[in-house]
Structure formats: structure tokens, C-alpha cells
Amino acid sequence: MESAKPSAPFPSSALQKVAAEAAARQRKEATHPEPHRRQLPLKVGTRASPLALVQTRAFLTVLTRFCPVLRDMGAFQEHQISTTGDQVLNRKLAEIGGKGLFAKEIHEALLDGRIDFAVHSLKDLETTLPPGLVLACTLKREDARDVLILGPGCGEPDPMDPYAVLPQGALVGCASVRRQAQMLHVRPDLKFGLLRGNVQTRLDKLAARQCDATLLAYAGLRRLGMEDRADVILDPTIMVPAAGQGIVGVTVRESDVELRELLSAIEDYEARAVATAERALLAELDGSCRTPIGGYARLIPVVAGGAPELHLTGLVAREDGSFLLKRSISGSPADAARLGRDLGRSLRADSPADIFVEEK
1 MESAKPSAPF
11 PSSALQKVAA
21 EAAARQRKEA
31 THPEPHRRQL
41 PLKVGTRASP
51 LALVQTRAFL
61 TVLTRFCPVL
71 RDMGAFQEHQ
81 ISTTGDQVLN
91 RKLAEIGGKG
101 LFAKEIHEAL
111 LDGRIDFAVH
121 SLKDLETTLP
131 PGLVLACTLK
141 REDARDVLIL
151 GPGCGEPDPM
161 DPYAVLPQGA
171 LVGCASVRRQ
181 AQMLHVRPDL
191 KFGLLRGNVQ
201 TRLDKLAARQ
211 CDATLLAYAG
221 LRRLGMEDRA
231 DVILDPTIMV
241 PAAGQGIVGV
251 TVRESDVELR
261 ELLSAIEDYE
271 ARAVATAERA
281 LLAELDGSCR
291 TPIGGYARLI
301 PVVAGGAPEL
311 HLTGLVARED
321 GSFLLKRSIS
331 GSPADAARLG
341 RDLGRSLRAD
351 SPADIFVEEK
């Protein structure tokens, strides 16, 4: 997706100032240590999956590119943290605790002071962060679309009918109720089986013929240099992406003003605007992991050279695809949160109440 408005230029002077101050403190602390004073390196928390590590290292590259002093100082130290979502792969997320299972242990480490900030796939973050933590930075969005990966026995892709590539009654390996509901709404003959794990694990299971096809986020494949594995790229008008898909977000302690200022220097304007709208939509709907919800925002230039308009699409459905409601709203990027809330209220008002009931 082309950016409708380029990100604000990175204020390298701000980064240089922070780095210079940090270097000065480090020299001072080497001879006169201050009690309870945080010292370098700053500890960066991340999941241990290959994709999470690629995203974390890309983020640190962005952060140090405009301030080589930070890199030369060895200012950052990577801490890999195993999360519940990574450990339990044979059950649906809704069955083992629901939202935030790819961030729970990371945020516990952040609140305990074992790490200083954390890097996440934004779609894995709960809409309401634990008290004391904030989303300090969002990076430029990668392609947010979903893709189909096909196994043997599937037909040739048809751009006009992307699901026609799947044979009647095909088994799709999938852990996302959002993806499942949207496919079943169009192809009720399809079967779905649980398929979780990192990107390579899912591809290996597909190669072993444990299913006929699977779905992945195109952003992850691109970041891993595996975009050639995408057999069918699904347009957002056909498959509404997850809120935050393709965006990397960084969380910190709310009280850590200095680090928040540092991270604000690399904030991507468009990513923040669309993430704000999508997460506000998600918060208003407040669905469980059993509720298929999609949210996808983008900035569109209304007039060449003029201010962009934010266009947000939201989706609510039943897991079996028997009900699906999709609507859009547009407005100023400055009103991103309000647009998300308004669209969420509209979708909730016209959806069956049972969709949002949490199962006991």
C-alpha cells in the first residue's frame, strides 16, 4: 500500500541529544554510580520466533540508523521471552486464556523492570494494555493483506475468484476465526482444522499434507524474505485483515518519559493513524477470541497534494460464516479514534447479540 502522506522526517537531532545524554551518564556512572539509576544497555523484550526476531532487529536498525552513537555504544540488548501463545500450540487461543497470550509474559517482564521496552506484532496486543504500560511507537506498515498457501491438489489461482482454487470440501489449516468465517461465508463446503505455530512450522505441516491449504499474513512472509510462498494474495475487499496486521508496535512503561521521547522520534504518522482507528474499532466491539472481527484502515488522498482521508473498514461475523456484516467509514486522520468507535457501535448495533457473548 502506498503511503498517502510520507512519514514525518526522523528528527535525528532529538536522537543525537538523547544518545549524547546517555553517553554522558554512562561515563559518569562508570566512576560515580548512582543508586537505582538505570544503566545501558537497554533491554529489549521480544518473542523468540524467527519473525519476532526479524521485526525486533529491523526496529533496532531503524532506531540506530539515525543515531550511530547508540549502535556504537551497544545501547541495546535483546531478550527473547517465551510466551503462553508460543508454548501451547495444540489448542485454540480462546481455550487457553484469550487475548494477549503473545504479550503476557513480555509485559510482566516490562512491569517488573527486567526489560526496558518490548517489540510486538501489533495485532497480537490486547486493546487495553496492562496499567502502567503504553504503546509508545508504531512503525511503517508492511503489506496488511492475507494470503493463501496451497498444497498439492489445488487448482490454478483465478484472480477474479480466489477461493475457486480450493477443491470441494478442502481442509484449510487455520487458527484464525476471522479468516475462517470470511472463507466459510463464501465457501460453506470448506473444512477447517487447527494449525498453529510459526510460519515455517505451518508451511512444513502443509508440505506434510496435514491440510490442503493454509492462510498467513503477507507481512510476515515479506519480512522473512518468503513472499514467493504466497500463492493467492487476498485483497482486503475479499478478506478484511486483522486490526494492526502488518504493523510493529513498541510498548514501554508509562513513567519512562525519556524512552518514550526517544521512540517518538521514529513514529510513523500513517501507521499511528490507522492503528488508532483499528484498535478503537476493536475496543468498541470488545469481542472475544471466538468473535471474528476484522479492521483495516488506510489513508487515501482526496485531492492530489491535499490532506489525506482515513478510510476504515470493519467486519463482524459468526465463526461458521452464517452471518457476516461489513461496513466502512471515512473522515480526518485526526479523528481516527472517534471513527473507530463510531464504526464499532454501528456494527455492534446491527449484529446478533450472541456473537459477542463470551463462552464460559
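In case it helps, full-length UniProt numbering puts the sequence shown at residues 1 to 360.
Beta carbons are placed, not taken as given, at the ideal position from N, Cα and C, and that holds for glycine.
All of these numbers come straight from a predicted model, not from anything done at the bench.
(request) Take E34 and list the residues in its own chain whose beta-carbon comes closer than 6 Å to its own, dropping the five residues that flank it on each side. (result) Counted from its first residue, the sequence shown places residue 34 at position 34. Unreliable positioning characterises E34 in this predicted model, as indicated by a pLDDT of 44, which lies under 50. A coordinate reading is not provided.
(message) Between which two residues does the alpha helix (DSSP H) holding E108 run?
(response) The residue you call residue 108 lines up with position 108 of the sequence shown. Looking at the DSSP string, the run of the alpha helix (DSSP H) that includes E108 is 104-112.
(request) Out of L70, Y296, K191, A144, point me to the one whose CA is closest to D320's CA. (result) Position 320 of the sequence shown, counted from the first residue, corresponds to residue 320. Cα-wise, what sits closest to D320 is K191.
(message) Which residues does DSSP list as the beta-bridge partners of R253?
(response) Position 253 of the sequence shown, counting from 1, holds the residue named residue 253. When DSSP reads this structure, R253 sits in a beta bridge with L133.
(message) Is the separation between the beta-carbon of G132 and that of E254 shorter than 8 Å?
(response) Start at 1 with the first residue of the sequence shown, and residue 132 comes out as number 132. Start at 1 with the first residue of the sequence shown, and residue 254 comes out as number 254. It is a contact, given that the beta carbons lie within the stated cut-off.
(request) Just mark E278 as buried or exposed, buried being the case when its beta carbon has 16 or more other beta carbons within 10 Å. (result) Translated into the one-based positions of the sequence shown, residue 278 becomes position 278. So E278 counts as buried.
(request) Express the C-alpha separation of L111 and V147 in angstroms, rounding to a whole number. (result) If you number the sequence shown from 1, residue 147 lands on position 147. If you number the sequence shown from 1, residue 111 lands on position 111. One alpha carbon belongs to V147, the other to L111, and they sit about 36 Å apart.
(request) Decide if S351 is buried, meaning its Cβ has at least 16 other Cβ atoms within 10 Å, or exposed. (result) Mapped onto the sequence shown, residue 351 falls at position 351. In this structure S351 is buried. Its beta-carbon is surrounded by 16 or more other beta-carbon atoms within 10 angstroms.
(message) Can you tell me whether I293 is helix, strand or coil according to DSSP?
(response) The sequence position of residue 293 within the sequence shown is 293, counting from 1. In this structure, I293 counts as strand in the three-state DSSP scheme.
(request) Taking only the alpha-carbon atoms, compute the straight-line gap between I96 and D124 and give it to the nearest angstrom. (result) The count along the sequence shown starts at 1 and reaches residue 96 at position 96. The count along the sequence shown starts at 1 and reaches residue 124 at position 124. Only weak support exists for where I96 lies, its pLDDT of 49 falling under 50; the value from the coordinates is given anyway. Using only the alpha carbons, I get a separation of about 15 Å.
(message) Please report the distance separating the alpha-carbon of D231 from that of P157.
(response) Counted from its first residue, the sequence shown places residue 231 at position 231. Counted from its first residue, the sequence shown places residue 157 at position 157. Using only the alpha carbons, I get a separation of about 8 Å.
(message) Using the Cβ count rule (16 or more neighbours within 10 Å means buried), how would you classify L194?
(response) Position 194 of the sequence shown, counting from 1, holds the residue named residue 194. Burial is judged here by how many other beta carbons sit within 10 angstroms of a residue's own beta carbon; L194 has fewer than 16 and is exposed.
(request) Take R229 and list the residues in its own chain whose beta-carbon comes closer than 7 Å to its own, dropping the five residues that flank it on each side. (result) In the sequence shown, residue 229 corresponds to position 229, counting from 1. These residues qualify, in order along the chain: I149, L203, L221.
(message) Please state the DSSP three-state secondary structure of L101.
(response) Locating residue 101 in the sequence shown gives position 101, where the first residue counts as 1. L101 carries a coil assignment under DSSP once its states are collapsed to helix, strand and coil.
(message) Starting from K205, trace the alpha helix (DSSP H) in both directions and tell me its first and last residue.
(response) Mapped onto the sequence shown, residue 205 falls at position 205. Counting along the chain, the unbroken alpha helix (DSSP H) around K205 starts and ends at 199-207.
(request) Note the first and the last residue of the continuous alpha helix (DSSP H) segment covering E278. (result) In the sequence shown, counting from the first residue as 1, residue 278 sits at position 278. Looking at the DSSP string, the run of the alpha helix (DSSP H) that includes E278 is 269-285.
(request) Tell me whether P68 is buried or exposed, calling it buried when 16 or more other Cβ atoms sit within 10 Å of its Cβ. (result) Walking along the sequence shown from the start, residue 68 turns up at place 68. Its Cβ having fewer than 16 others within 10 Å, P68 is exposed.
(request) Select from G306, R318, V303, T276 the residue whose C-alpha is nearest the C-alpha of L312. (result) By one-based count along the sequence shown, residue 312 stands at place 312. Taking only the C-alpha atoms, the option nearest L312 is T276.
(request) In the DSSP assignment, find the unbroken beta strand (DSSP E) run with Q77 in it and report its ends. (result) Here residue 77 refers to the residue found at position 77 when the sequence shown is read from its first residue. The continuous beta strand (DSSP E) containing Q77 extends over residues 76-80.
(message) Does the stretch 234-248 come into contact with the stretch 197-214, if we say contact requires no fewer than three beta-carbon pairs (one atom in each stretch) closer than 8 Å?
(response) Contact between the stretch 234-248 and the stretch 197-214 is absent, because fewer than three Cβ pairs lie under 8 Å.
(message) For L324, tell me which candidate among A181, T83, D143, A109 has the shortest Cα-Cα distance.
(response) Walking along the sequence shown from the start, residue 324 turns up at place 324. Nearest to L324 by C-alpha distance, out of A181, T83, D143, A109, is A181.
(message) Please return the same chain residues whose Cβ sits closer than 7 Å to the Cβ of S328, not counting the five positions on each side in sequence.
(response) Position 328 of the sequence shown holds residue 328. Within the same chain, Cβ atoms closer than 7 Å to the Cβ of S328 are found at H311, L312, T313, the five residues on either side in sequence being excluded.
(message) Taking the beta carbon of H36 as the centre, do at least 16 other beta carbons fall within 10 Å, making it buried, or is it exposed?
(response) As a first step, residue 36 must be located in the sequence shown, where it is residue number 36. Because the pLDDT of H36 is 40, which lies under 50, any placement of that residue in the model is unreliable, and the number read from its coordinates should be weighed accordingly. With fewer than 16 other Cβ atoms inside 10 Å of its own Cβ, H36 counts as exposed.
(message) Can you look up E142 in the DSSP assignment and give me helix, strand or coil?
(response) Counting from one through the sequence shown, the residue named residue 142 turns up at place 142. Look at E142 here: in three-state DSSP terms it is coil, with no helix or strand label.
(message) Going by DSSP in three states, T313 sits in which element: helix, strand or coil?
(response) As a first step, residue 313 is located in the sequence shown; it is residue number 313 there, counting from the start. Reduced to three states, the DSSP call for T313 is strand.
(request) Note down, in chain order, each residue of its chain lying with its Cβ closer than 8 Å to the Cβ of E227, except the 5 sequence neighbours on either side. (result) As a first step, residue 227 is located in the sequence shown; it is residue number 227 there, counting from the start. Only Y218, L221 meet the Cβ criterion.
(request) Spell out whether any CB of chain D is found under 8 Å from the CB atom of L122. (result) The structure shown contains no chain D, having only a single protein chain.
(request) Would you please state the rounded distance, in angstroms, between the beta carbons of A304 and R341? I believe it to be under 8 Å. (result) Position 304 of the sequence shown, counting from 1, holds the residue named residue 304. Position 341 of the sequence shown, counting from 1, holds the residue named residue 341. A304 to R341, Cβ: 30 Å. No contact.
(message) Given a cut-off of 8 Å on the beta-carbon distance, is the pair C137 and L263 in contact?
(response) The sequence position of residue 137 within the sequence shown is 137, counting from 1. The sequence position of residue 263 within the sequence shown is 263, counting from 1. Yes; because the gap between Cβ atoms is below 8 Å, this pair is in contact.
(request) Within the same chain, show all residues whose beta-carbon is closer than 7 Å to that of G74, passing over the 5 residues directly before and after it, in chain order. (result) Reading the sequence shown from its first residue, position 74 is the one you call residue 74. Hits under 7 Å: P41.
(request) Grab me the residues of V186's own chain with a C-beta within less than 8 Å of its C-beta, minus the 5 sequence neighbours each way, in chain order. (result) What you label residue 186 is simply residue 186 of the sequence shown in a count that begins at 1. The answer, listed in chain order, is Y163, G321.
(message) Relative to the C-alpha of A273, which candidate in Q55, R141, T83, A109 has its C-alpha closest?
(response) Stepping through the sequence shown from its first residue, residue 273 is reached at position 273. Ranked by how close their Cα comes to the Cα of A273, the residues Q55, R141, T83, A109 have R141 in first place.
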